[in-house]
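Asker: Provided herewith is a single structure, encoded as structure tokens, for subsequent inquiry.
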Amino acid sequence: MNTKPKPKIKYLTRLLVALSLLMLGLLVWFFWGNAFIRWFKDDSHKNALIELAATNTSQQRDTAVIFYSGDGGWREIDQVIAKEMGENGYSTVGIDTLAYYWHYKSPEQSTQELAQIMQDYRQKWGVKRFVLLGFSFGADVLPFLYNGLAAADQAQVDAVILLSFSRGTIFEIEIKSWFNTVQEIDSMPQLVKIPQEKILCIYGSEEASESGCTAPEFIGTALEIKGGHHFDEDYPNLAKKIMSFIKAIKSH
Numbered sequence: 006m007n008t009k010p011k012p013k014i015k016y017l018t019r020l021l022v023a024l025s026l027l028m029l030g031l032l033v034w035f036f037w038g039n040a041f042i043r044w045f046k047d048d049s050h051k052n053a054l055i056e057l058a059a060t061n062t063s064q065q066r067d068t069a070v071i072f073y074s075g076d077g078g079w080r081e082i083d084q085v086i087a088k089e090m091g092e093n094g095y096s097t098v099g100i101d102t103l104a105y106y107w108h109y110k111s112p113e114q115s116t117q118e119l120a121q122i123m124q125d126y127r128q129k130w131g132v133k134r135f136v137l138l139g140f141s142f143g144a145d146v147l148p149f150l151y152n153g154l155a156a157a158d159q160a161q162v163d164a165v166i167l168l169s170f171s172r173g174t175i176f177e178i179e180i181k182s183w184f185n186t187v188q189e190i191d192s193m194p195q196l197v198k199i200p201q202e203k204i205l206c207i208y209g210s211e212e213a214s215e216s217g218c219t220a221p222e223f224i225g226t227a228l229e230i231k232g233g234h235h236f237d238e239d240y241p242n243l244a245k246k247i248m249s250f251i252k253a254i255k256s257h
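For the sequence shown, our numbering puts the final residue at 257, and the numbers step up evenly by one.
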């Protein structure tokens, strides 16, 4: 009996494999293409920046938001929050952490570059105050960055806002970390050094047991929102919570 596959079936099999690989490549490009372009162009922090001036100039604020994305890059959650804040007078400097941390950066280097970003936008936008905002990976590194700033720079940071904050971090995006557990640096000793009135930590109800916001040593304001890591994708509501906290802290 002849068990050799027929030429037509062989051809269809190869075609399906080729199409599957093409679709996989397109998906990778869709999610991470922009970050890779920024990474290949230059390893400097400036190529990981997304500059979003406030769109509502009638409510122009004296405060800029420096927003560190998650390790998937500058995605919908970051885009929507920045858009909502821009419509309320807040200019945002986004940091695409997939591009920024694709190569290892020490906490010290990250802090130096944050200080430079603050100085650049004091001059460019004329802002005097800052909010540090981070999602996931971006939230995890923020306590280290804030604590590394000079006292004068820390004094100009009104709030440190952490979204989906975990209890540990790394300072390099590693592909294996998307699929496996990697050794992390404990973030909590850094968090407790920040003045507690500056901290807002927002976590999804589905992550309550593992969130840094619910750790026994946590200080600051912790806010639970329905959902998981992405808060059921209700990003406009998330932006409102962030802006309410900023307004409250500025009114004191």
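The beta carbon of each residue, even a glycine, is placed where N, CA and C say it ideally should be. Nothing here was measured: the structure is a model prediction, and the numbers come from that model.
(1) How do the stretch 89–103 and the stretch 53–72 stand: do at least 3 beta-carbon pairs fall below 8 Å, yes or no?
(2) Within the same chain, show all residues whose beta-carbon is closer than 6 Å to that of L205, passing over the 5 residues directly before and after it, in chain order.
(3) Measuring CB to CB, does G153 end up less than 8 Å from Y73?
(4) In angstroms, rounded to a whole number, what distance separates the CA positions of A40 and W107?
(5) Indicate whether the contact test is met: 3 or more Cβ pairs, each with one atom in the stretch 189–204 and one in the stretch 239–246, closer than 8 Å.
(6) Should A53 be labelled buried (16 or more other beta-carbon atoms within 10 Å of its own) or exposed?
(7) Would you kindly work out how many angstroms separate the C-alpha atoms of P148 and V85, rounded to a whole number?
(8) Starting from L54, trace the beta strand (DSSP E) in both directions and tell me its first and last residue.
(9) For R127, collect the residues of the same chain with a Cβ closer than 8 Å to its Cβ; drop the 5 residues on either side in sequence, then sort them by chain order.
(10) Can the beta-carbon of Q201 be found closer than 8 Å to that of I175?
(11) Can you tell which of V98, E89 and D158 has the C-alpha that lies nearest to the C-alpha of A120?
(12) The beta strand (DSSP E) spanning A164 covers which residue range?
Answerer: In short, the structure shows the following:
(1) yes
(2) The residue you call residue 205 lines up with position 200 of the sequence shown. Excluding residues within five positions, the ones whose Cβ falls inside 6 Å are I166, T226 and F250.
(3) What you label residue 153 is simply residue 148 of the sequence shown in a count that begins at 1. What you label residue 73 is simply residue 68 of the sequence shown in a count that begins at 1. It is not a contact, given that the beta carbons lie outside the stated cut-off.
(4) As a first step, residue 40 must be located in the sequence shown, where it is residue number 35. As a first step, residue 107 must be located in the sequence shown, where it is residue number 102. With a pLDDT of 48 at A40, under the threshold of 50, the predicted position of this residue should be treated as unreliable, though the coordinate-derived value follows. If I take the Cα positions, the gap works out to 9 Å.
(5) no
(6) Reading the sequence shown from its first residue, position 48 is the one you call residue 53. Looking at its Cβ environment, which holds 16 or more other Cβ atoms inside 10 Å, A53 is buried.
(7) Your numbering for residue 148 matches position 143 in the sequence shown. Your numbering for residue 85 matches position 80 in the sequence shown. Each residue's Cα considered, the two are about 24 Å apart.
(8) Here residue 54 refers to the residue found at position 49 of the sequence shown. L54 to L57 is the extent of the beta strand (DSSP E) around L54.
(9) Your numbering for residue 127 matches position 122 in the sequence shown. Answer for R127: K133, listed in chain order.
(10) By 1-based counting over the sequence shown, the position of residue 201 is 196. By 1-based counting over the sequence shown, the position of residue 175 is 170. No, the pair does not count as a contact, with Cβ atoms beyond the cut-off.
(11) To locate residue 120, count along the sequence shown from 1; it is residue 115. It is D158.
(12) Along the sequence shown, read from residue 1 onward, the residue named residue 164 stands at position 159. That run of the beta strand (DSSP E) goes V162 to L168.
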